[in-house]
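Peer 1: In numbering that gives the first Met the number 0, the protein residues as written are 0 to 179.
Here it is, the structure in full.
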Amino acid sequence: MKVIKRICDVIDLVNDWIGRIASFAVLGILAVIVTEVVLRRLFHSPQIWTMDVICMTFGCYIIMVCAYGFQKKAFVAVDVLYARLKPFAQNILHLITYLVFFVPFVFVLVPESFGFFLRSYTTGERGYSVWAPPAWPVKLALFVGMTLLALQGISEMLKCVRGIGEAVSGTDDTKGGDAA
Numbered sequence: 000m001k002v003i004k005r006i007c008d009v010i011d012l013v014n015d016w017i018g019r020i021a022s023f024a025v026l027g028i029l030a031v032i033v034t035e036v037v038l039r040r041l042f043h044s045p046q047i048w049t050m051d052v053i054c055m056t057f058g059c060y061i062i063m064v065c066a067y068g069f070q071k072k073a074f075v076a077v078d079v080l081y082a083r084l085k086p087f088a089q090n091i092l093h094l095i096t097y098l099v100f101f102v103p104f105v106f107v108l109v110p111e112s113f114g115f116f117l118r119s120y121t122t123g124e125r126g127y128s129v130w131a132p133p134a135w136p137v138k139l140a141l142f143v144g145m146t147l148l149a150l151q152g153i154s155e156m157l158k159c160v161r162g163i164g165e166a167v168s169g170t171d172d173t174k175g176g177d178a179a
């Protein structure tokens with residue numbers, strides 16, 4: 000159980016760190032928006048690059064903080080039945096739902112997002128605006144974000160397994176899964 004805890008701790012630490020750093024992208028988006036408004040309204044000089052930078056940065060931001068949100072339980076959950084269950088049953092329920100819904104989702108999305116990035120990079124795909132920035136950085140962020148989300152899912156499943164194992168063995172140094 001200590002190995003499982005260590006693996007979960009490392010994954011959680013990486014996603015926490017990346018999520019906190021990625022959250023600063025909002026400041027970059029804000030700076031670009033303010034710059035565009037000032038240049039357009041005061042100097043009558045709109046820029047061709049600002050909309051692309053805003054959209055690309057916001058896309059990267061959303062993708063890169065998905066795993067962080069998953070780790071922090073920031074997504075909507077309906078827990079009418081769940082709240083009435085004991086921690087052992089909560090961990091079983093979570094493990095089943097992760098295996099049925101989450102694993103197939105990331106099993107498809109991680110390799111597909113890598114192919115999406117690779118095609119964009121090898122073909123030199125560009126944006127559709129006049130500025131035409133390269134499209135591959137955002138697609139790389141999609142792959143990295145989906146990989147981080149998959150890793151966080153592994154961490155959450157391992158926490159459930161740990162919680163189930165501790166409930167069965169009678170040890171309870173720390174609870175596993177969402178029941179913690």
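Each residue gets a CB set at the ideal place from its N, CA and C atoms; glycine is no exception.
Would residue 158 be called buried (16 or more neighbouring beta carbons within 10 Å of its own) or exposed?
Peer 2: Position 159 of the sequence shown, counting from 1, holds the residue named residue 158. When all chains shown are included, residue 158 counts as buried.
Peer 1: Apply the 10 Å Cβ neighbour rule to residue 162 and answer buried if 16 or more other Cβ atoms are within range, or exposed otherwise.
Peer 2: One-based indexing of the sequence shown puts residue 162 at position 163. Answer is buried; the Cβ neighbour count reaches 16.
Peer 1: Under 9 Å between the Cβ atoms of residue 148 and residue 65?
Peer 2: The residue labelled residue 148 in the question sits at position 149 within the sequence shown. The residue labelled residue 65 in the question sits at position 66 within the sequence shown. Yes; because the gap between Cβ atoms is below 9 Å, this pair is in contact.
Peer 1: For residue 167 and residue 29, I'd like the C-alpha separation in whole angstroms.
Peer 2: For this step, residue 167 is matched to residue 168 along the sequence shown. For this step, residue 29 is matched to residue 30 along the sequence shown. Each residue's Cα considered, the two are about 51 Å apart.
Peer 1: Can you check DSSP and say which residues form a bridge with residue 181?
Peer 2: As shown, the chain starts at 0 and ends at 179. That puts residue 181 outside it, with no answer to give.
Peer 1: Using CA coordinates, which residue listed in 164, 128, 5, 57 is at the minimum distance from residue 27?
Peer 2: Locating residue 27 in the sequence shown gives position 28, counting from the first residue. Considering only alpha carbons, the answer is 57.
Peer 1: Which same chain residues end up closer than 7 Å to residue 46 when comparing Cβ atoms and leaving out the 5 residues on each side of it in sequence?
Peer 2: Position 47 of the sequence shown, counted from the first residue, corresponds to residue 46. Around residue 46: 35, 38.
Peer 1: Residue 2 and residue 150 - do their beta-carbons sit closer together than 9 Å?
Peer 2: Translated into the one-based positions of the sequence shown, residue 150 becomes position 151. Translated into the one-based positions of the sequence shown, residue 2 becomes position 3. No, they are not a contact pair.
Peer 1: So, residue 97 versus residue 156, is the Cβ gap smaller than 9 Å?
Peer 2: Within the sequence shown, residue 97 is the residue found at index 98, counting from 1. Within the sequence shown, residue 156 is the residue found at index 157, counting from 1. Cβ atoms of residue 97 and residue 156: closer than 9 Å.
Peer 1: Assign residue 152 to buried or exposed, taking buried as 16 or more other Cβ atoms, counted over all protein chains shown, within 10 Å of its Cβ.
Peer 2: For the purposes of this step, residue 152 is identified with residue 153 of the sequence shown, where counting begins at 1. Residue 152 is buried by the Cβ-count criterion.
Peer 1: What is the DSSP secondary structure of residue 80, reduced to helix, strand or coil?
Peer 2: Sequence index remark: in the sequence shown, residue 80 carries index 81 (1-based). In this structure, residue 80 counts as coil in the three-state DSSP scheme.
Peer 1: How is residue 36 classed by DSSP in three states: helix, strand or coil?
Peer 2: In the sequence shown, the residue the question calls residue 36 occupies position 37. The answer is helix: DSSP assigns residue 36 an H, G or I state.
Peer 1: In whole angstroms, give me the CA-to-CA distance for residue 74 and residue 53.
Peer 2: Residue 74 sits at position 75 when you count from the first residue of the sequence shown. Residue 53 sits at position 54 when you count from the first residue of the sequence shown. So the alpha carbons of these two residues sit roughly 24 Å apart.
Peer 1: Let me check understanding here. Comparing Cα to Cα, which of 79, 154, 169 lies closest to residue 180?
Peer 2: Because the chain is modelled from 0 through 179, residue 180 falls outside the range shown and cannot be assessed.
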